[in-house]
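A short worksheet on the structure shown next.
Residue numbers (the numbering used here): 34 to 652.
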């Protein structure tokens with residue numbers, strides 16, 4: 034049997050075809066009975082045919098009107114086999130009846146009909162090899178016996194041809210069956226790993242849900258994505274990558290067999306696991322996390338492929354299946370959301386999907402949708418956070434981006450900037466921010482509003498983009514003179530600079546030749562701060578506000594800030610402190626050598642006119 038949804042649908046459709054064909058053909062026997070004055074046997078036989086046809090029609094409706102699970106389909110198929118065998122076999126009744134009569138025309142009709150039914154059976158039952166063989170043999174044996182009993186030379190030859198025809202039909206049926214098995218296997222299995230594919234997995238989930246629809250059961254679904262797999266493909270080649278995927282699939286399959294879990298490959302480096310059922314939600318959750326941890330350990334064990342020693346981790350999302358009204362794709366989407374959360378938290382981890390995570394993802398999707406039209410709808414504005422020197426003079430500003438949407442209201446940059454980076458919208462948004470900032474710098478210069486620097490936050494995705502250097506140089510040429518270029522400071526977050534040091538340093542050096550300065554923002558929140566300071570040619574260091582907040586009530590916080598200032602001074606870097614909110618913070622920072630301060634203690638972020646007014650008021 035070809036065990037998949039297409040097969041059942043195929044058999045379901047064949048029922049009406051066979052019924053229509055047989056009833057129309059069977060009506061021919063009524064006509065023959067009327068001609069040869071033997072109508073009663075034909076009417077009785079045709080009535081039997083109609084009764085069995087109704088049985089088949091009922092089987093057709095049972096499948097069409099009910100969303101059967103796999104167990105119910107198997108019962109349905111079992112009954113269908115009986116129906117088909119009986120339905121084909123009743124033609125032998127009329128064959129025997131007609132060849133027992135002396136009228137030769139009836140013999141011709143009996144032989145032709147029996148041969149036709151045999152060919153039909155070999156065609157219709159091609160997906161049921163055993164049933165096809167049994168039916169074909171049962172139909173052809175009466176023909177062969179009939180020809181032998183005629184006792185003529187030509188009849189023996191016809192008996193031989195009957196055997197040959199039977200062999201040909203069996204051979205053709207067997208070849209077609211093998212082709213169906215192969216094509217259906219390919220349709221439901223991954224060619225590389227031989228695991229079930231996405232189609233197989235979705236139908237498996239849907240079938241399991243149907244089977245549990247009358248029982249309060251819980252299952253779990255895992256979505257596994259290999260971390261940094263693309264790097265292996267890019268550096269070692271796709272052949273090595275394919276071998277690694279096969280090895281991962283083998284490990285997962287073995288572990289799945291131990292726990293009776295179903296494993297599939299959705300595509301690329303994504304795999305899925307579906308568990309058996311559990312009585313309680315807590316039991317299901319505990320087993321899900323236990324299996325996920327074991328699976329992660331198994332995946333992380335070293336690989337030796339073509340003399341390469343490889344190590345790889347995975348991000349795993351977990352979804353619990355208990356709402357049986359939901360679709361399979363919904364559960365996969367939930368696990369996918371959890372998996373991407375694991376990636377965003379640093380990869381090599383396991384995240385369980387929950388309502389809070391769902392709401393956050395829905396919020397992010399909504400932000401992403403509206404962000405596409407934010408610039409077109411003129412919803413993006415810039416604010417300018419004043420920066421002060423130790424004499425409390427306004428010497429510069431940091432450009433801050435703000436977004437107000439009619440439906441979403443005010444959306445903070447901590448929400449929409451990460452989303453714009455993930456989607457690539459940061460390139461368009463970043464260009465807009467640069468152009469508006471350069472225009473403002475040009476306008477202020479023309480109006481005699483002189484500042485020492487304007488700090489602009491730059492995404493790592495912008496910095497290493499192939500058009501970034503060209504865009505900056507074009508904007509500098511359009512709006513700034515060489516002296517104004519020297520007042521521009523590009524701020525990079527410390528956590529972003531780790532992505533591609535070589536490309537970053539190359540682009541920084543090109544832009545520094547044009548006079549632009551560079552700063553590391555949020556210093557102290559990364560993992561390898563000192564190594565970054567040594568490698569990256571920066572001019573300024575910005576102390577993260579989280580450290581500034583600790584100055585008022587933590588000796589450790591004061592020690593940390595003092596240490597950062599000393600490091601920066603030794604490296605001859607300008608020092609900026611952000612988030613200054615109290616007199617004590619200001620005094621501590623100035624006394625310990627901080628050069629520039631900004632925060633609510635001095636002023637909030639201002640629009641262009643407000644900043645100009647403040648600059649003219651505080652020289």
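Glycine is no exception: its CB is placed at the ideal position from the N, C-alpha and C atoms.
Assigned secondary structure, residue i (DSSP; H/G/I helix, E/B strand, else coil)
i	result
residue 137	helix
residue 390	helix
residue 616	helix
residue 500	coil
residue 488	strand
residue 471	helix
residue 324	helix
residue 572	coil
residue 57	helix
residue 655	The question about residue 655 has no answer here: the residues shown for the chain are numbered 34 through 652.
residue 303	strand
residue 297	strand
Residue i versus the options, residue with shortest Cα-Cα distance
i	options	result
residue 424	626, 211, 99	626
residue 338	459, 279, 453	279
residue 27	105, 205, 253, 114	Any property of residue 27 remains undetermined from this structure, which presents the chain solely from 34 to 652.
residue 506	541, 46, 273	541
residue 573	610, 585, 587	610
residue 512	469, 543, 553, 69	469
residue 397	172, 453, 406	453
residue 55	514, 73, 78, 45	78
residue 50	73, 120, 636	120
residue 183	267, 205, 137	137
residue 292	113, 268, 325	325
residue 194	148, 215, 223, 218	148
residue 83	580, 263, 435, 124	124
residue 178	354, 262, 132	132
residue 58	112, 45, 113, 127	127
residue 456	482, 399, 500	399
Per-residue burial, residue i [other beta carbons within 10 Å of its own, 16 or more giving buried]
i	result
residue 350	buried
residue 575	buried
residue 402	exposed
residue 271	exposed
residue 67	exposed
residue 344	exposed
residue 486	buried
residue 80	exposed
residue 60	exposed
residue 648	buried
residue 392	exposed
residue 524	buried
residue 90	exposed
residue 385	buried
residue 550	buried
residue 301	exposed
residue 335	exposed
residue 377	exposed
residue 73	exposed
residue 313	exposed
C-beta contact flag for residue i and residue j at 8 Å
i	j	result
residue 633	residue 614	yes
residue 144	residue 176	yes
residue 489	residue 466	yes
residue 368	residue 255	yes
residue 62	residue 75	yes
residue 151	residue 202	yes
residue 571	residue 606	yes
residue 297	residue 373	no
residue 332	residue 321	no
residue 364	residue 238	yes
residue 584	residue 594	yes
residue 433	residue 416	yes
residue 631	residue 419	yes
residue 92	residue 116	yes
residue 577	residue 556	yes
Inter-residue spacing [alpha-carbon to alpha-carbon] between residue i and residue j
i	j	result
residue 629	residue 591	17 Å
residue 560	residue 99	Model confidence at residue 560 stands at a pLDDT of 48, short of 50, so the residue's coordinates are unreliable; what they give is reported in the following sentence. Distance between the alpha carbons of residue 560 and residue 99 is about 58 Å.
residue 447	residue 221	43 Å
residue 265	residue 458	27 Å
residue 37	residue 47	The predicted position of residue 37 is uncertain, since its pLDDT is 48 and thus under 50; no value can be drawn from it.
residue 251	residue 315	9 Å
residue 97	residue 169	28 Å
Heavy atom of the ligand FMN within 7 Å of residue i beta-carbon
i	result
residue 222	This structure lacks the ligand FMN, and indeed carries no ligand of any kind.
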